């Protein structure tokens, strides 16, 4: 009896000792047995997924749509230096009347003040083309990334006085030119689609923007500037996701004039025609529900 009791006691102590000395092995065996057990995926409730998708509203989409536009047109150019005719009592100091040529030197005729004065420098009109990528943040408001490239001719004209004492003989003549002037412009615009003002199938659009531009000459230093721009457009749908638009942009910026030592305000006007491809990212049922809510609100 005593022997059996001692055997049971020694067996119990041995098991306890084994458990404390080799706990990792026992747990590993348990994990291994669990790993051997095949895991099956829980059945997917497709009806629940569809219900979750249907719960999304128009406002849940941060971007409602994208647009891609390509356009071509004409930009007006502008005048950035306009000197007044010299008065009878005007006294010029050395170099005060010098006009810089487009090749980088001084125009020789600008120093002949008896026969030449009143210099005007301007950019003549030329073709303009570019593109826009739009993001609709609302049904009627969209932000556009715009890039434009235009070319033209920069010219300098002066008043020529063949007979200094006879103003009736005065004529304005071109004394210099740069036929390879170009304009690079890019910025961000915010545009409103005025759908309530739609007429004859045309949707008016109003917008404004800002950005940077480079007025590039063949030999002279580039003239960079920040610009502000306002624009107006009319758009007509020609297909489901394709529209034709005509737009006018009025760009205002400060042009640094070397002859003056300061900047003059210059304005460019650009007329363009373009095609816009509309990419809708909101499901049709969600957009239809949103339009129905807007219509119901107007009716009430």
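In this note's numbering, the protein residues as written are 814 to 1113.
Every residue, glycine too, gets a C-beta built ideally from N, C-alpha and C.
Computed from a prediction, not measured in an experiment: that's the story for all the values here.
- Beta-bridge annotation (DSSP): residue 1032 is not paired with any residue.
- Your pair residue 1081 and residue 1056 does not check out as a contact, with CB atoms roughly 25 angstroms apart and the cut at 8 angstroms.
- When the alpha-carbon of residue 949 is set against those of 918, 1004 and 1021, the nearest one is in 1004.
- Between residue 971 and residue 984 a beta carbon distance of about 10 angstroms is seen, past the 8 angstroms cut, so the two are scored as non-contacting.
- Here DSSP, grouped into helix, strand and coil, assigns residue 898 to coil.
- Annotated three-state conformation of residue 975 is coil, per DSSP.
- Membership of residue 1010 in any beta strand (DSSP E) is not indicated, and neither H nor E is assigned to it by DSSP.
- Around the Cβ of residue 921, a 10 Å sphere holds fewer than 16 other Cβ atoms; the residue is exposed.
- In the three-state DSSP reduction, residue 909 falls in the coil class, being neither helix nor strand.
- Exclusion of the five residues before and after residue 893 leaves 934, 935, 936, 1068, 1070, 1077 and 1079 as the residues of its chain whose Cβ lies within less than 8 angstroms of its Cβ.
- Considering only 898, 988, 1009 and 1015, the residue with the shortest C-alpha distance to residue 916 is 988.
- Under the three-pair Cβ rule at 8 angstroms, the segment 947 to 965 counts as touching the segment 873 to 891.
- Here the C-alpha atom of residue 1072 lies approximately 13 angstroms from the C-alpha atom of residue 1033.
- Taking one beta carbon from each stretch, the segment 989 to 1000 and the segment 900 to 915 have 3 or more pairs nearer than 8 angstroms; the two touch.
- Around the C-beta of residue 927, fewer than 16 other C-beta atoms lie within 10 Å, and the residue is accordingly described as exposed.
- In the three-state reduction of the DSSP assignment, residue 952 falls in the coil class.
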